[in-house]
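Engineer: Below you will find the structure I want to go over with you.
2 protein chains.
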Amino acid sequence: MAPVFKQIAIIGVGLIGGSIARAALEKGAAGEVVLFDGNADALKRAGEIGFGKPAASIEDAVRDADAVFHCVPVGAISATAKASIGAMKAGAILTDVGSVKGNVAREFKALGRDDVHVIPGHPIAGTEKSGPDAGFASLFDNRWFIITPEAGGSAEYVEATDKLAEFWTMLGSKVERMDAQRHDLVLAVTSHIPHLIAYNMVATAYDMEAVTEGEVVKFSAAGFRDFTRIAASDPTMWRDVFLNNKEAVLEVLGRFEEDLTALRKAIRNADGQKLFDTFTESRRIRREIIDAGQDTSVANFGRDTSKKP
Amino acid sequence: MAPVFKQIAIIGVGLIGGSIARAALEKGAAGEVVLFDGNADALKRAGEIGFGKPAASIEDAVRDADAVFHCVPVGAISATAKASIGAMKAGAILTDVGSVKGNVAREFKALGRDDVHVIPGHPIAGTEKSGPDAGFASLFDNRWFIITPEAGGSAEYVEATDKLAEFWTMLGSKVERMDAQRHDLVLAVTSHIPHLIAYNMVATAYDMEAVTEGEVVKFSAAGFRDFTRIAASDPTMWRDVFLNNKEAVLEVLGRFEEDLTALRKAIRNADGQKLFDTFTESRRIRREIIDAGQDTSVANFGRDTSKKP
Numbered sequence: 001m002a003p004v005f006k007q008i009a010i011i012g013v014g015l016i017g018g019s020i021a022r023a024a025l026e027k028g029a030a031g032e033v034v035l036f037d038g039n040a041d042a043l044k045r046a047g048e049i050g051f052g053k054p055a056a057s058i059e060d061a062v063r064d065a066d067a068v069f070h071c072v073p074v075g076a077i078s079a080t081a082k083a084s085i086g087a088m089k090a091g092a093i094l095t096d097v098g099s100v101k102g103n104v105a106r107e108f109k110a111l112g113r114d115d116v117h118v119i120p121g122h123p124i125a126g127t128e129k130s131g132p133d134a135g136f137a138s139l140f141d142n143r144w145f146i147i148t149p150e151a152g153g154s155a156e157y158v159e160a161t162d163k164l165a166e167f168w169t170m171l172g173s174k175v176e177r178m179d180a181q182r183h184d185l186v187l188a189v190t191s192h193i194p195h196l197i198a199y200n201m202v203a204t205a206y207d208m209e210a211v212t213e214g215e216v217v218k219f220s221a222a223g224f225r226d227f228t229r230i231a232a233s234d235p236t237m238w239r240d241v242f243l244n245n246k247e248a249v250l251e252v253l254g255r256f257e258e259d260l261t262a263l264r265k266a267i268r269n270a271d272g273q274k275l276f277d278t279f280t281e282s283r284r285i286r287r288e289i290i291d292a293g294q295d296t297s298v299a300n301f302g303r304d305t306s307k308k309p
Numbered sequence: 310m311a312p313v314f315k316q317i318a319i320i321g322v323g324l325i326g327g328s329i330a331r332a333a334l335e336k337g338a339a340g341e342v343v344l345f346d347g348n349a350d351a352l353k354r355a356g357e358i359g360f361g362k363p364a365a366s367i368e369d370a371v372r373d374a375d376a377v378f379h380c381v382p383v384g385a386i387s388a389t390a391k392a393s394i395g396a397m398k399a400g401a402i403l404t405d406v407g408s409v410k411g412n413v414a415r416e417f418k419a420l421g422r423d424d425v426h427v428i429p430g431h432p433i434a435g436t437e438k439s440g441p442d443a444g445f446a447s448l449f450d451n452r453w454f455i456i457t458p459e460a461g462g463s464a465e466y467v468e469a470t471d472k473l474a475e476f477w478t479m480l481g482s483k484v485e486r487m488d489a490q491r492h493d494l495v496l497a498v499t500s501h502i503p504h505l506i507a508y509n510m511v512a513t514a515y516d517m518e519a520v521t522e523g524e525v526v527k528f529s530a531a532g533f534r535d536f537t538r539i540a541a542s543d544p545t546m547w548r549d550v551f552l553n554n555k556e557a558v559l560e561v562l563g564r565f566e567e568d569l570t571a572l573r574k575a576i577r578n579a580d581g582q583k584l585f586d587t588f589t590e591s592r593r594i595r596r597e598i599i600d601a602g603q604d605t606s607v608a609n610f611g612r613d614t615s616k617k618p
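Line by line, the protein sequences give chains A and B. Just so you know, the numbering used here puts 247 at position 247 of the first sequence, and the rest follows in order with no gaps. Just so you know, the numbering used here puts 571 at position 262 of the second sequence, and the rest follows in order with no gaps.
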């Protein structure tokens, strides 16, 4: 199978950028991979590992690329795109891997290059690790890749979208097209609010450390341990997610708080039936998720560590 | 090493009861194990597996036991203890494995048998599985067992407490003495509230299913999947925990809600620094938990599945 793209540029060589580079070369989805990272040490390390060719500048990295992947935290995409947009060739694809799509699409469009194809994307994959050494080629295997193209694009735009979808399919992903706003709401429910709550739970526990004289850490049972694992994710990435998906996050958070108030009331009133019904319903939706193939009943925290080389 | 107890009774042959029975026989901590369960099928199955001798009645089960372990949901302990207390021999130990200790201690004392030793206990161990087949002998290896004896007991009582501690040490646990009220507050932070929040998050997501036309389940990313796993635990057990640890649960929940309000405000006001600081602090406390040996950096959801036969 011929490479989908002759050359791609990866801006940001962390877990996701590094994994795209490795997967693209290993699976033959790109002929050549050019790398850039604002962190000189990370860029140097990426070159040593050998999953692409480090460029001297961000402009050099994108100059001959058929597709440019901005793999930096959502809050930094605007800056990296701005710094490189002028050097992109006409007809190239401008894309990303951020967890928020509405804002990214707006920022890309605001750059005013009507001759490049803006196609934001989001691979639903990752681990809590970061840096160039964290990447691996099978990270996207059998994972969703959500693509949020503009509605009603030109024939050339539709063709570019199909090529990007083909690229991600070669990387192992299941590709799904979605409206950017819909994406941001769905992800607020399935990922953003769960992370916010995990972070919050850990903060509350930290406050209780003084009250309990260190016993929270000592006796951290299964429930709390699992929260700290979620909350071990990159602070910069998550700050940017909440700042950039404010509307959907606040909507889902409002619903979460309403539901929690109802549970609190049930506890205060010793309403065992309400508690039992809510807990039973939770089990049912978990079963649906297992049936939908998004998880197994095996306890692995959903991280696919078995795949990691 | 001689058995700590000549004979023990296990009331309730689920995950914990079954594991105590297996571990006690395998590690020689008890000479004989007599079993009872209100569910005749479970009791029969336990007899077939062969980790103890099924008794014809709950009274028969406890009659000659040196220690009686009530291994049923916290809300059912009062009934099983009441049904069997009259048949217990003088000087025997009355204990349990529930996640709440204050209420259990009060219920045990209210039975009025001053000649048996009331020593509530809580092994911090478990999986999301239940039933007689779920138990295994290594479940308690290197796990905390918290014992909450009364303050200022007789010499005979202190001796009984030491024997129960010795029993759990032989089962592989690290034994810690604690005040019952302190136990209930620490566990509210580390286990009860995390479970409540996980259940609540799944309930909120379920409400959003209609809004997102099934896409919550389809695209459940890592964060949400982990919550559904926590929320897959036994509804009866957790209903009883919240009904029996109301005071501590409401206190910690109040603090959680205050902290969440502060994060919501930071998102609304686009206060990136507050978000970044909170998320960074969460990472630090996770590091403390790993250093305290309560978890590893390996993603296994803290379930010790590797140990399971």
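Idealized CB from N, CA, C, for every residue including glycine. From a predicted model like this one, the values you see are computed outputs, not experimental measurements.
Beta strand (DSSP E) containing residue 30(A): first to last residue?
Structural biologist: Bounds of the beta strand (DSSP E) holding residue 30(A) are 30-36.
Engineer: In this structure, how does DSSP classify residue 606(B) when only helix, strand and coil are distinguished?
Structural biologist: Low confidence applies to residue 606(B): its pLDDT is 46, below 50, so where it sits in the model is not reliable enough to give any reading.
Engineer: Against chain E, does residue 154(A) count as a neighbour if the rule is that its beta carbon must be under 8 Å from one of theirs?
Structural biologist: Annotation note: the requested chain E is absent from the structure, which comprises protein chains A and B.
Engineer: Can you name the start and end residues of the alpha helix (DSSP H) that residue 567(B) belongs to?
Structural biologist: Segment 555-577, the alpha helix (DSSP H) holding residue 567(B).
Engineer: Of the choices 438(B), 487(B), 314(B), 577(B), whose alpha-carbon is the least far from that of residue 460(B)?
Structural biologist: Distance check between residue 460(B) and each of 438(B), 487(B), 314(B), 577(B) places 487(B) closest, using alpha-carbon atoms only.
Engineer: Would you say residue 620(B) faces chain A, with C-beta separation under 8 Å as the test?
Structural biologist: With chain B covering only 310 through 618, there is no way to say anything about residue 620(B).
Engineer: Are the Cβ atoms of residue 120(A) and residue 46(A) separated by less than 8 Å?
Structural biologist: Contact flag unset, no.
Engineer: Leaving aside the five residues before and after residue 336(A) along the sequence, list all residues of the same chain whose C-beta is less than 8 Å from its C-beta, in chain order.
Structural biologist: Beyond the ends of chain A as shown, which are 1 and 309, falls residue 336(A); an answer cannot be given.
Engineer: Near residue 115(A), what residues of its chain come up, given a Cβ to Cβ distance below 8 Å and the 5 sequence neighbours on each side ignored?
Structural biologist: 90, 91
Engineer: By the criterion of Cβ-Cβ separation under 8 Å, what are the contact partners of residue 579(B) in chain A?
Structural biologist: Under the 8 Å cutoff, chain A gives 243, 246.
Engineer: Run the CB neighbour count on residue 101(A), radius 10 Å, all protein chains shown included, and call it buried at 16 or more, exposed below.
Structural biologist: buried
Engineer: Which residues of the region 135-147 of chain A have a Cβ closer than 8 Å to any Cβ of chain B? Give them in chain order.
Structural biologist: 144, 146
Engineer: Between residue 49(A) and chain B, is there a C-beta pair that is closer than 8 Å?
Structural biologist: Taking 8 Å as the CB threshold, residue 49(A) stays off the interface with chain B.
Engineer: Using Cβ-Cβ distances below 9 Å, what residues of the region 158-183 of chain A are close to chain B?
Structural biologist: Hits within the stretch, in order: 176, 178, 182, 183.
Engineer: Determine the contact status of residue 508(B) and residue 161(A), defining contact as a CB-CB distance below 8 Å.
Structural biologist: no
Engineer: Determine whether the beta carbon atoms of residue 368(B) and residue 414(B) lie at a separation below 8 Å.
Structural biologist: The answer is no: Cβ separation not under 8 Å.
Engineer: Rounded to the nearest angstrom, how far is the Cβ of residue 493(B) from that of residue 557(B), given a contact under 8 Å?
Structural biologist: 5 Å
Engineer: Can you give the Cα-Cα distance for residue 241(A) and residue 75(A), rounded to whole angstroms?
Structural biologist: 8 Å
Engineer: Using the DSSP secondary-structure output, state which residues sit across from residue 453(B) in a beta bridge.
Structural biologist: DSSP, once it has assigned bridges, lists 483(B) as partnering residue 453(B).
Engineer: Taking Cβ-Cβ distances shorter than 7 Å, what residues in chain A pair up with residue 589(B)?
Structural biologist: 235
Engineer: Report the partner residues of residue 53(A) according to the DSSP bridge assignment.
Structural biologist: 34(A)
Engineer: Could one say the Cβ of residue 226(A) lies closer than 8 Å to chain B's Cβ atoms, at least one of them?
Structural biologist: yes
Engineer: What would DSSP say about residue 68(A), mapped onto helix, strand or coil?
Structural biologist: In this structure, DSSP gives residue 68(A) an extended state, which the three-state scheme calls strand.
Engineer: Give me, in chain order, the residues of the same chain whose beta-carbon lies closer than 7 Å to that of residue 361(B); leave out the 5 immediate sequence neighbours on both sides.
Structural biologist: 319, 330, 342, 343, 344, 355
Engineer: Once the 5 residues before and after residue 332(B) are set aside, which same chain residues still bring their CB inside 8 Å of it?
Structural biologist: The answer, listed in chain order, is 338, 446, 447, 448, 449, 480, 481.
Engineer: Who are the Cβ neighbours of residue 536(B) in its own chain at under 7 Å, not counting the five residues just before and after it?
Structural biologist: 507, 510, 511
Engineer: Mind listing the chain B neighbours of residue 30(A)? Cutoff is C-beta to C-beta under 7 Å, in chain order.
Structural biologist: By Cβ distance, chain B contributes nothing, its closest Cβ being about 26 Å from residue 30(A), past 7 Å.
Engineer: Got a sec, what are the start and stop residues for the alpha helix (DSSP H) residue 330(B) sits in?
Structural biologist: 324-335
Engineer: Along chain B, which residues have their Cβ under 8 Å away from the Cβ of residue 259(A)?
Structural biologist: 509, 512, 513, 516
Engineer: On the three-state DSSP scale, how would you describe residue 95(A)?
Structural biologist: strand
Engineer: When the cut-off is 8 Å and only beta carbons count, does residue 72(A) lie next to chain B?
Structural biologist: no
Engineer: Please indicate yes or no: does the CB of residue 377(B) lie closer than 7 Å to some heavy atom of the ligand SAM?
Structural biologist: The model depicted lacks the ligand SAM and carries no ligand whatsoever.
Engineer: Do you know how far the Cα of residue 340(B) is from the Cα of residue 539(B)?
Structural biologist: 36 Å
Engineer: Output, in chain order, the set of chain B residues within a Cβ distance shorter than 8 Å of residue 239(A).
Structural biologist: 581, 584, 585, 588
Engineer: Is the beta carbon of residue 541(B) less than 8 Å from the beta carbon of residue 283(A)?
Structural biologist: Contact flag set, yes.
Engineer: From residue 582(B) to residue 188(A), what does the alpha carbon distance come to, in whole angstroms?
Structural biologist: 21 Å
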